[in-house]
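Novice:
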Amino acid sequence: PLPRFTACYVVVNIFLIMWISAVRSLSRSGGTCTSCILQSQTRAFTSLPETHEMLRKSCRDFAEGELKPIAAKIDREHLFPKKQIREMGKLGLMGVAVPEEYGGTGLDYLAYAVAMEEISRGCASAGVIMSVNNSLYSGPIQYFGSEKQKQNYIAPFMSGERVGCFALSEPGNGSDAGAASTTATLSGDSYSLTGTKAWITNGYEAEAAVVFATTDKSKKHKGISAFIVPMPTEGLSLGKKEDKLGIRGSSTCNLIMEDCIIPKENLLGQEGMGFKIAMMTLDSGRIGIAGQALGIAQASLECAMEYAGKRLAFGAPLLKLQSIQNKIAEMALRIEGARLLTYRAAVLKDEGKPYTKEAAMAKLAASEVATFASHQAIQVLGGMGYVTEMPAE
Amino acid sequence: MSLKVLVGCKRVIDYAVKIRVRPDKLGVVTEGVKHSMNPFDEIAVEEAIRLREAKKAKEVVVVSCGIAQAKETLRTALAMGADRAILVELSPKEYEIMTPAHVSKILAAVAKMEGSDLIILGKQAIDDDCNATAQMTAAHLDWPQATSASKVEVTDAGLTVTREVDGGLEVITTQLPAVVSADLRLNEPRYATLPNIMKAKKKKMTTLSLSDVGVELKEHQTVVSVEEPPVRSAGIKVKDVDSLIAALKQAGRI
């Protein structure tokens with residue numbers, strides 16, 4: 001009995017050691033730039049790794065050259081910037097953190113956050129289209145999809161030729177995602193989906209959707225499952241495009257499913273995993289959207305500073321007046337804080353650590369500073385802030 | 001026709017920066033100021049990459065003569081698609097006295113070391129606006145030069161280059177090897193794609209010293225002073241063409 005016990009003990013120990021080192025090396029390679037992040041400069045975010053700075057420059061140049069000139073027009077005319085999205089695909093922006101084997105760029109979430117800010121600084125509509133494709137659509141399939149699903153539904157969506165969308169919210173529930181009333185019934189080799197999804201970004205242009213539906217009502221939120229629905233497809237129709245306050249270059253609409261049949265292979269993960277998939281996906285989406293808000297805020301700050309540097313009042317540029325200085329300082333301070341929160345959430349995710357709270361903080365801080373900064377920009381521009389001629393409006 | 005192309009890049013103060021004169025009036029403030037690749041050099045890099053994509057060139061090597069930070073500029077060129085980079089590293093003091101006379105010697109030496117068939121440079125740097133390096137490099141190598149190029153075609157006989165000159169456009173043909181300098185309308189440089197930015201990390205970057213290229217940096221000129229341009233003064237209104245001509249004559253303008 002004793003030798004056998006010792007043998008088991010040794011074997012178990014060996015397995016344990018192998019498992020621990022496997023997990024360690026996985027988390028080390030899971031974040032592509034973890035080794036860079038260990039450098040103290042990056043830890044303090046005084047500067048990012050060279051790749052990220054080059055990425056920032058490339059995205060900024062693209063945003064300045066290709067997005068800024070059309071941003072006002074696509075917002076005014078509710079136009080989807082198809083050409084620009086294709087070019088962003090070529091730049092590798094439609095799958096920043098998607099592994100290269102599926103056509104993505106294979107960078108990390110810190111890079112994604114930086115890219116989101118720079119793109120949104122030029123055009124927030126392009127930013128949200130990019131974010132939904134990256135985090136909300138590709139994310140669930142990347143983390144929970146089968147190999148075949150990744151090949152069929154991620155790879156073709158990386159080039160900018162097609163975009164995907166994410167359908168969780170419904171007319172009857174947004175925050176209360178667990179109360180999904182869309183149903184998915186299995187019969188033979190396929191599921192039949194019935195229900196309406198609301199507020200779907202990219203709805204009009206998407207060629208696939210990650211849809212959440214109840215497969216077992218008795219299990220409440222543990223009875224929700226996630227599905228990949230190709231678009232267009234029989235039984236799926238689109239509601240009218242919402243007429244929004246802003247970000248109007250991106251379409252938002254309802255997805256209406258009436259006996260929408262999809263093969264059972266399109267189930268993402270397993271039945272009942274839907275709620276967990278949705279919550280994890282939204283965590284990562286928050287980092288992207290925080291990036292978008294930072295871009296909006298930064299553009300507002302720069303707009304205000306440029307105007308205040310030129311506009312004269314009482315014999316000197318506005319920048320000399322303390323009231324204006326206070327506004328600009330407050331904008332800069334809040335933006336910096338939100339940016340650091342965003343980077344922190346991104347790095348935590350890249351290191352494989354829990355980041356739900358930090359991502360939520362980042363999104364809240366960034367979106368609040370976006371509204372604050374754009375409002376302050378209007379104030380700094382005075383009358384010019386109220387007209388469409390200037391970007392503040 | 002599979003050319004080995006050498007492209008020169010210079011790290012300069014970014015074109016959008018508001019330039020400030022140094023307190024000692026011997027130069028401009030560079031400390032903490034945003035730098036980037038000289039815009040004409042970006043056009044040169046783009047042209048070289050296009051030649052390789054059109055299978056007229058087999059390798060694009062980028063070279064910069066500057067301080068250690070010039071590596072960033074070279075990496076940008078690699079991210080655009082260049083194959084290899086060479087930095088001829090100078091100390092900050094050496095860099096202060098560097099002029100096209102020196103750079104052209106260095107580039108000629110590198111071209112010989114590399115066995116280059118074609119050198120493409122930006123027509124001028126936006127910090128000194130010399131417009132001399134390409135011409136001097138050609139002279140050192142005894143190669144033909146085609147400067148201010150707005151179109152470059154590789155033919156069986158060599159190059160056919162359209163040049164932008166004061167009178168309009170001039171088309172010349174040269175044999176290879178040759179030196180070309182890129183003008184604004186030669187092409188529109190591409191944005192570095194993220195996959196290429198990542199590939200750039202793996203590409204080779206060599207650092208050479210002045211002794212490696214056999215060039216000595218002797219101070220040719222001394223900067224006496226650097227000043228801001230004069231503040232624009234108000235104009236005057238004249239009542240007819242004759243008064244205008246008289247006023248211009250008096251100001252010594254005609």
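Top line first, the protein sequences correspond to chains A and B.
The end of the first sequence is residue 393 by full-length UniProt numbering, with every number in the run present.
The end of the second sequence is residue 254 by full-length UniProt numbering, with every number in the run present.
Positions of the beta carbon are idealized from the N, C-alpha and C atoms, including for glycine.
Got a sec: which bits of the region 197-217 of chain B sit with their beta carbon under 9 Å from any beta carbon on chain A, in order along the chain?
Specialist: 197, 198, 200, 201
Novice: What is the residue span of the beta strand (DSSP E) that residue 145 (chain B) lies within?
Specialist: What you label residue 145 (chain B) is simply residue 145 of the second sequence in a count that begins at 1. Element bounds for residue 145 (chain B): 145-154.
Novice: Could you compute how far the alpha carbon of residue 214 (chain B) sits from the alpha carbon of residue 70 (chain B)?
Specialist: For the purposes of this step, residue 214 (chain B) is identified with residue 214 of the second sequence, where counting begins at 1. For the purposes of this step, residue 70 (chain B) is identified with residue 70 of the second sequence, where counting begins at 1. Cα to Cα, the separation comes out at about 20 Å.
Novice: For residue 151 (chain B) and residue 41 (chain B), I'd like the C-alpha separation in whole angstroms.
Specialist: Sequence index remark: in the second sequence, residue 151 (chain B) carries index 151 (1-based). Sequence index remark: in the second sequence, residue 41 (chain B) carries index 41 (1-based). About 15 Å.
Novice: What residues in the region 173-194 of chain B bring their beta carbon closer than 8 Å to a beta carbon of chain A?
Specialist: Of all residues in the region 173-194 of chain B, 191, 192, 193, 194 have a Cβ within less than 8 Å of some Cβ in chain A.
Novice: When the Cα atoms are used, what is the spatial distance from residue 49 (chain B) to residue 212 (chain B)?
Specialist: In the second sequence, the residue the question calls residue 49 (chain B) occupies position 49. In the second sequence, the residue the question calls residue 212 (chain B) occupies position 212. Cα-Cα distance, rounded: 27 Å.
Novice: Which runs of the beta strand (DSSP E) at least 3 residues long sit entirely within the region 235-302 of chain A? Give them in chain order.
Specialist: Every beta strand (DSSP E) stretch that sits fully inside the region 235-302 of chain A and reaches 3 residues is listed by chain position as 236-238, 252-263.
Novice: Output needed for residue 100 (chain B): all residues of its chain with C-beta closer than 6 Å, excluding positions within five of it in sequence on either side, in chain order.
Specialist: Residue 100 (chain B) sits at position 100 when you count from the first residue of the second sequence. Same-chain partners within the cutoff: 130, 132, 133, 136.
Novice: Look at the alpha carbon of residue 141 (chain A) and the alpha carbon of residue 153 (chain A), and state the distance between them as a whole number of angstroms.
Specialist: Within the first sequence, the letter at position 141 stands for residue 141 (chain A). Within the first sequence, the letter at position 153 stands for residue 153 (chain A). Answer to the nearest angstrom: the Cα atoms are 8 Å apart.
Novice: Please look up how many angstroms separate the CB atoms of residue 274 (chain A) and residue 208 (chain A), rounded, as I've assumed it's under 8 Å.
Specialist: On the first sequence, position 274 is the one that residue 274 (chain A) refers to. On the first sequence, position 208 is the one that residue 208 (chain A) refers to. Actually they are not in contact, since the Cβ atoms of residue 274 (chain A) and residue 208 (chain A) sit about 17 Å apart, beyond 8 Å.
Novice: Assuming residue 143 (chain A) is part of the alpha helix (DSSP H), what are its boundary residues?
Specialist: Residue mapping note: residue 143 (chain A) aligns to position 143 of the first sequence, counting from 1. Counting along the chain, residue 143 (chain A) sits inside the alpha helix (DSSP H) bounded by residues 139-144.
Novice: Give the single residue among B:95, B:65, B:83, B:2 whose Cα lies nearest to the Cα of residue 220 (chain B).
Specialist: The count along the second sequence starts at 1 and reaches residue 220 (chain B) at position 220. Ranking the options by Cα distance to residue 220 (chain B), first place goes to B:95.
Novice: I need the boundaries of the beta strand (DSSP E) containing residue 225 (chain A), first residue and last residue.
Specialist: On the first sequence, position 225 is the one that residue 225 (chain A) refers to. Taken as a continuous stretch (DSSP letters only), the beta strand (DSSP E) holding residue 225 (chain A) covers 224-230.
Novice: If distances are taken between C-alpha atoms only, which option among B:67, B:63, B:91, B:39 comes closest to residue 78 (chain B)?
Specialist: To locate residue 78 (chain B), count along the second sequence from 1; it is residue 78. With distances taken between Cα atoms, residue 78 (chain B) lies closest to B:63.
Novice: Give the DSSP bridge partners of residue 255 (chain B), in chain order.
Specialist: This structure does not reach residue 255 (chain B), given that chain B is present from 1 up to 254, and the question cannot be answered.
Novice: Using a Cβ-Cβ cut-off of 8 Å, state whether residue 111 (chain B) counts as contacting chain A.
Specialist: As a position in the second sequence, residue 111 (chain B) is number 111, starting the count at 1. Judged by the 8 Å Cβ criterion, residue 111 (chain B) is not in contact with chain A.
Novice: Alpha carbons only, please: which of A:63, A:393, A:106, A:127 is nearest the one belonging to residue 303 (chain A)?
Specialist: For the purposes of this step, residue 303 (chain A) is identified with residue 303 of the first sequence, where counting begins at 1. Among A:63, A:393, A:106, A:127, the Cα nearest to that of residue 303 (chain A) belongs to A:393.
Novice: Identify which residue in A:138, A:132, A:151, A:320 has its Cα closest to the Cα of residue 199 (chain A).
Specialist: Counting from one through the first sequence, the residue named residue 199 (chain A) turns up at place 199. With distances taken between CA atoms, residue 199 (chain A) lies nearest to A:132 out of A:138, A:132, A:151, A:320.
Novice: What three-state label does DSSP hand residue 131 (chain A) in the structure shown?
Specialist: Along the first sequence, one-based indexing puts residue 131 (chain A) at 131. Here residue 131 (chain A) sits in helix by DSSP.
Novice: With DSSP as the reference, label residue 263 (chain B) as helix, strand or coil.
Specialist: Given that chain B is displayed from residue 1 to residue 254, the structure contains no residue 263 (chain B) and the question cannot be resolved.
Novice: Taking only beta-carbon atoms, is residue 79 (chain B) less than 8 Å away from chain A?
Specialist: Here residue 79 (chain B) refers to the residue found at position 79 of the second sequence. Yes, residue 79 (chain B) counts as interfacial toward chain A.
Novice: Closer than 9 Å by beta-carbon distance: list the chain A residues that pair up with residue 75 (chain B), in chain order.
Specialist: Taking the first residue of the second sequence as 1, we reach residue 75 (chain B) at position 75. Correct list: 50, 54.
Novice: Assuming contact is defined by CB atoms lying nearer than 8 Å, are residue 197 (chain A) and residue 170 (chain A) in contact in what I supplied?
Specialist: Counted from its first residue, the first sequence places residue 197 (chain A) at position 197. Counted from its first residue, the first sequence places residue 170 (chain A) at position 170. For residue 197 (chain A) and residue 170 (chain A), yes; Cβs fall inside 8 Å.
Novice: Compute the Euclidean distance between the alpha carbons of residue 172 (chain A) and residue 241 (chain A), then round it to the nearest angstrom.
Specialist: Position 172 of the first sequence holds residue 172 (chain A). Position 241 of the first sequence holds residue 241 (chain A). Going from the Cα of residue 172 (chain A) to the Cα of residue 241 (chain A) covers about 18 Å.
Novice: Any contact between the region 183-198 of chain B and the region 144-158 of chain B? By contact I mean 3 or more CB pairs, one from each, below 8 Å.
Specialist: yes
Novice: Per the DSSP calculation, residue 191 (chain A) is bridged to which residue(s)?
Specialist: Here residue 191 (chain A) refers to the residue found at position 191 when the first sequence is read from its first residue. Per DSSP, A:186, A:262.
Novice: Buried or exposed: residue 248 (chain B), going by 16 or more other Cβ atoms within 10 Å of its Cβ?
Specialist: The residue labelled residue 248 (chain B) in the question sits at position 248 within the second sequence. Flag for residue 248 (chain B) reads exposed.
Novice: Taking residue 49 (chain A) as the reference, give the member of B:201, B:91, B:237 with the closest Cα.
Specialist: Start at 1 with the first residue of the first sequence, and residue 49 (chain A) comes out as number 49. Per the Cα distances, B:201.
Novice: Since residue 133 (chain B) is in the alpha helix (DSSP H), which residue starts that stretch and which ends it?
Specialist: The residue labelled residue 133 (chain B) in the question sits at position 133 within the second sequence. Looking at the DSSP string, the run of the alpha helix (DSSP H) that includes residue 133 (chain B) is 133-141.
Novice: By the DSSP assignment, the alpha helix (DSSP H) with residue 372 (chain A) in it spans what residues?
Specialist: Within the first sequence, the letter at position 372 stands for residue 372 (chain A). 356-381 is the span of the alpha helix (DSSP H), which, as asked, contains residue 372 (chain A).
Novice: Bridge partners of residue 164 (chain A), per DSSP?
Specialist: The residue you call residue 164 (chain A) lines up with position 164 of the first sequence. Residue 164 (chain A) is bridged to A:208.
Novice: Mind checking whether residue 17 (chain B) and residue 59 (chain B) have CB atoms under 8 Å apart?
Specialist: The count along the second sequence starts at 1 and reaches residue 17 (chain B) at position 17. The count along the second sequence starts at 1 and reaches residue 59 (chain B) at position 59. No, the Cβ-Cβ distance between residue 17 (chain B) and residue 59 (chain B) is not below 8 Å.
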